[in-house]
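A quick write-up on the structure given underneath.
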Ligand SMILES: Nc1ncnc2c1ncn2[C@@H]1O[C@H](COP(=O)(O)OP(=O)(O)OP(=O)(O)O)[C@@H](O)[C@H]1O
Ligand SMILES: [Mg+2]
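Below you can see the structure in the form of structure tokens.
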């Protein structure tokens, strides 16, 4: 099942992320696709809030990887500037997929190993209005279907 939502502004993107963050469990992986400035990091800020993480989540573009500790640990990784497998290993990407950790990846398409089977896929596209984003969410993993429905219910009730 593929779900779509129109997100009308940065605050709504935070709310969408928060709705997912409330429900995510250790071991969950989020694959965030979409062009530069689409709102992937904005979504992760909401995710952190939903996970109970205090403080600011910045774009990891220049640091590549940042851990935040809340209800579970959130690893937020931007693969945009990783040039190959060697660098992946340098930052210990494989170890970040752990049972007590939520992994949020920006630009997963840059590394084929993070294919559609890896987790919850979220694709953000620009909408007609400059503040609107068209978000498409899906997962091949049956256990994620319920989570996606519940998160979208939570988001829907807030809007
Ligand atoms: N509906 C919206 N949802 C998300 N962000 C929005 C929306 N409308 C406007 N914005 C703005 O768009 C920008 C999104 O930036 P963000 O850093 O989240 O993008 P990104 O997808 O992570 O880009 P990059 O690939 O460069 O990391 C923010 O400045 C945010 O305020
Ligand atoms: Mg970003």
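In the working numbering, the protein residues as written are 12 to 170. All residues carry an ideal CB built from backbone N, CA and C; glycine is no exception.
Query, Result
"Beta-carbon proximity check, residue 116 vs residue 43, cutoff 8 Å", "yes"
"Collapsed DSSP secondary structure at residue 16 in the structure displayed", "strand"
"Which of helix, strand or coil DSSP assigns to residue 136", "strand"
"The segment 137-153 touching the segment 13-25, judged by at least three CB pairs closer than 8 Å", "yes"
"Candidates 110, 159, 137 and 94: closest to residue 45 by CA position", "137"
"Where residue 33 falls: helix, strand or coil (DSSP)", "helix"
"Unbroken stretches of the beta strand (DSSP E), 3 residues or longer, contained in the segment 88-145", "112-117 and 131-137"
"For residue 139, the nearest candidate out of 12, 49, 39 and 33 (CA to CA)", "49"
"Cross-strand partners of residue 150 (DSSP beta bridge)", "131"
"beta-carbon residue 89 near ligand 2 non-hydrogen atom, thresh 7 Å", "yes"
"Residue 58 - containing alpha helix (DSSP H), residue span", "51-61"
"Any non-hydrogen atom of ligand 2 closer than 7 Å to residue 51 Cβ", "yes"
"Any non-hydrogen atom of ligand 2 closer than 7 Å to residue 23 Cβ", "no"
"Residue 41: first and last residue of the uninterrupted beta strand (DSSP E) it sits in", "40-44"
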